[in-house]
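Some notes on the structure that comes next.
Protein chains: 2
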Amino acid sequence: MTYCVGLLLETGIVMLSDTRTNAGFDNVACYRKMFVFETTGERVVAILTAGNLSVTQTVIAKLRQAIARDDPEHSIMRAPSMLDVAEIIGRTLNDVHVAVNERMERTKYSASASMLVAGQRLGGQLRLFLVYEEGNFIEATDDTPYLQIGEHKYGKPILDRVVTPETTIEVGRKAVLISMDSTMRSNLSVGMPLDLLTIRRGEYRVSTRERIEAGDPTFSAMSEAWGNALRDGFLSLPG
Amino acid sequence: MTYCVGLLLETGIVMLSDTRTNAGFDNVACYRKMFVFETTGERVVAILTAGNLSVTQTVIAKLRQAIARDDPEHSIMRAPSMLDVAEIIGRTLNDVHVAVNERMERTKYSASASMLVAGQRLGGQLRLFLVYEEGNFIEATDDTPYLQIGEHKYGKPILDRVVTPETTIEVGRKAVLISMDSTMRSNLSVGMPLDLLTIRRGEYRVSTRERIEAGDPTFSAMSEAWGNALRDGFLSLPG
Chain A
35 MTYCVGLLLE TGIVMLSDTR TNAGFDNVAC YRKMFVFETT GERVVAILTA GNLSVTQTVI
95 AKLRQAIARD DPEHSIMRAP SMLDVAEIIG RTLNDVHVAV NERMERTKYS ASASMLVAGQ
155 RLGGQLRLFL VYEEGNFIEA TDDTPYLQIG EHKYGKPILD RVVTPETTIE VGRKAVLISM
215 DSTMRSNLSV GMPLDLLTIR RGEYRVSTRE RIEAGDPTFS AMSEAWGNAL RDGFLSLPG
Chain B
35 MTYCVGLLLE TGIVMLSDTR TNAGFDNVAC YRKMFVFETT GERVVAILTA GNLSVTQTVI
95 AKLRQAIARD DPEHSIMRAP SMLDVAEIIG RTLNDVHVAV NERMERTKYS ASASMLVAGQ
155 RLGGQLRLFL VYEEGNFIEA TDDTPYLQIG EHKYGKPILD RVVTPETTIE VGRKAVLISM
215 DSTMRSNLSV GMPLDLLTIR RGEYRVSTRE RIEAGDPTFS AMSEAWGNAL RDGFLSLPG
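What follows is the structure, encoded as C-alpha cells:
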C-alpha cells in the first residue's frame, strides 16, 4: 500500500509520499514513489505513484525514455501545457496497465495504479492532477485543493478541516505530515521514510525537497504534540 | 454504507450505529441497524448490522422466529453462553449470505454483511463479538477493546488514541460519537439519526438507549467543539 497527497495552494504546491512497498506482509521493501522532471526556471513536473510497482516503474521508465529521445509527442518536457503532460502520463499509464493486466488475467491477480501529477511550465498555470489507470484524470480546484492516492481515508479528515487554498506552504507542509502520521498509525503497509517537496508558484523548479527518516526528531515531536492535542481536545469536550 | 462501533469497557459496553441505507446514491433510506433482545435481569443481547439489507433483515427475522418458537437449538435467548449466541448468529448469517449470493451469482452483484453482537447472561461474562458473513467471529479483548463494522477507517484513529478498557462509559460514549462524526463528515452514505446504547456490566439489560436526531444540539455542540479543538491543536503544532 501507499499514501501520497498533494496540495494546490495559492502560493504553491506541497507533495508528500511514503516509501513502503509490499508484496504480502512478508515481503516489504522501500521504494521511492516521488519523481521529479525539471528544467530549472522553465518547467517542473512532479509525479507521485501508487499501486502495482511493476506498472508504475514501467510508466516512469517510459516517460524517461521519451524525454531522452526528445520525442515531441511523448516527452512531458516538450508538452505545450500541464494538461498535455497529464494526458501523456494518462495514456502511458493506461497502456502499461492494460498490457500488464492482459498477462495477469490468466491468474486471479490484477494490477491497479494511479498517480498524482503536479507542475508548472513557464507562461503556464501551476496545476495538480490525479491520473487514473484508465488514463483519465481529475484536477485539484479551489473547492477541493488537495488530491490523494493510495490509503487515503485515515488521513482525509485533517485535510478537510485545515486545508484551504489560502493555507501557506508551511502550514500545508504540517497538514500533509499530520495526515501521513494518522495513516501510518492505522495501516502498517504505509511507512517511513517520507519524501516531501514543495513547488512555489512561478519558480518553475522544485523549491524544497526533503527526505524524513524514521525517528526524525522534528517529525516525532510533531507527531507526539498532535497526539497530545487530540487527547486533550477530546477530554475537554462538552456533552 | 454503514458505520457501527462497539466498545467493551471494564464497566460495560457502548454501542453506536448510524441509520442510513442506500441502493445507489439516488435511493437513500433510513433503517434501524440496532436490535436488542432482552429478558431484564437475566439476559441482554444487542446486535448491530452492516452490509446488504436483504441479508441482515432476513437474519434478524430468523433470529426472532427462533425466539418466538422457543427453539432450544436456535434461540439466542436460550443459548447457554454468549459464545453460543455468537455461534447461532454466525450460522444464521452464513446460511442467509450463501442463499442470497447463490441467487445473485447470475448477476454481477454480491451481498456481503457483518454484525456486532454484544451482551451478557446471568452468571456469564459481558462479551462483544464481530460476526463475519462466513459465520466465524472475533472478540474484543483488553488489547483491542473496540470493534467496528462498515465504513471503519475514518473513525478509527480517535478510538486508537482514547479508548482503553479503563475508559468510563461516559467517556466511551463521547469517543464513539466523535468517531461517528468523523465518519459522517467523510462518507455521505453514513448518516443521522444515530442509535446509541449502553449495557452496564452485571445489569443484564440495556442500561441506556437513545436516538440522536439530525440537528441534536448537544451532538452539534460536541461536533463543533471537536472541530475547534482539532484546528487549534493543529495550528499550535511545532515543526
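In the order they appear, the protein sequences are chains A and B. In my numbering, each number is its position in the first sequence, counted from 1, plus 34. In my numbering, each number is its position in the second sequence, counted from 1, plus 34. Idealized CB from N, CA, C, for every residue including glycine.
The three-state secondary structure of ILE172/B, taken from DSSP, is strand. When Cβ-Cβ separations below 8 Å define contact, THR252/B makes contact with chain A. The beta-bridge partner set that DSSP reports for PHE71/A consists of VAL79/A. Where ARG245/B is concerned, the enclosing beta strand (DSSP E) starts and stops at 242 to 246. In chain order, LEU211, ILE246 place their CB closer than 7 Å to the CB of PHE253/A, counting only its own chain and leaving out the 5 sequence neighbours on each side. Each residue's CA atom was taken as its position, placing LYS96/A and MET149/A some 15 Å apart. Annotated three-state conformation of MET226/A is coil, per DSSP. Annotation: ILE110/B to ARG137/B spans about 28 Å, alpha carbon to alpha carbon. Taking ALA120/A as reference, the option from GLN99/A, LEU82/A, ASP104/A, ALA133/A with the minimal CA-CA separation is LEU82/A. Scanning the segment 160 to 216 of chain B for uninterrupted alpha helix (DSSP H) segments of 4 residues or longer gives 190 to 196, listed from N- to C-terminal end. Rounded to whole angstroms, the gap between the alpha carbons of VAL197/B and THR175/B is 12 Å. For LEU264/B, the C-beta contacts it makes with chain A under 9 Å involve PRO191, ILE192, ARG195, VAL196, ALA263, LEU264, GLY267, in order along the chain. Flagged as an interface residue toward chain B: ARG219/A, by a C-beta distance shorter than 8 Å.
Judged by their CB atoms, GLU167/B and ALA152/B are not nearer to each other than the 8 Å cut-off.
TYR180/A sits close to GLY40/A, with the two beta carbons spaced by under 8 Å. Residue environment: ILE123/A is assigned as buried (16 or more neighbouring CB atoms within 10 Å of its CB, all protein chains considered).
Neighbourhood of TYR188/A in chain B, by CB distance below 9 Å: LYS187, TYR188, LYS190, PRO191, in chain order. A residue is called buried when at least 16 other Cβ atoms come within 10 angstroms of its Cβ; CYS64/A does not meet this threshold and is exposed.
Nearest C-alpha to GLY236/B among THR36/B, ILE47/B, TYR37/B: ILE47/B. Within the segment 197 to 209 of chain B, those residues whose Cβ lies closer than 9 Å to any Cβ of chain A are, in chain order, VAL205, ARG207, LYS208, ALA209. Secondary structure of ALA147/B (DSSP, three-state): strand.
Close partners of ALA259/B in chain A (Cβ separation under 7 Å): LEU271, PRO272. Not a single CB atom of chain A sits nearer than 8 Å to the CB of ALA248/B. Between the C-alpha atoms of LEU160/A and VAL78/A there is a straight-line separation of about 10 Å.
Under the three-state reduction of DSSP, ASN56/B is assigned to strand. ASP266/A and GLY249/B have their C-alpha atoms spaced approximately 26 Å apart. Take the alpha-carbon of LEU193/A and the one of MET68/B: they are about 32 Å apart. The C-beta of ALA84/B comes no closer than 8 Å to any C-beta of chain A. Using beta-carbon distances, SER216/B counts as an interface residue toward chain A, with a partner under 8 Å. The C-alpha of ALA80/B is placed about 30 Å away from the C-alpha of ARG219/A.
Cβ contact annotation for VAL62/A (same chain, cutoff 6 Å, sequence separation greater than five): ASN56, in chain order. For THR45/B against ARG243/B, the beta-carbon gap comes to about 17 Å, at or over 8 Å, which does not count as contact.
Burial check for ILE203/A: the Cβ neighbour count within 10 Å reaches 16 or more, so the residue is buried.
Here LEU127/A has VAL93, ALA147, MET149, VAL165, GLU167, GLY169 as same chain residues with Cβ atoms under 7 Å from its own Cβ, once five neighbours each way along the sequence are excluded.
For ALA255/B, the C-beta contacts it makes with chain A under 8 Å involve PRO272, GLY273, in order along the chain. Distance between ALA145/B and ALA133/A, taken at the CA atoms: about 31 Å.
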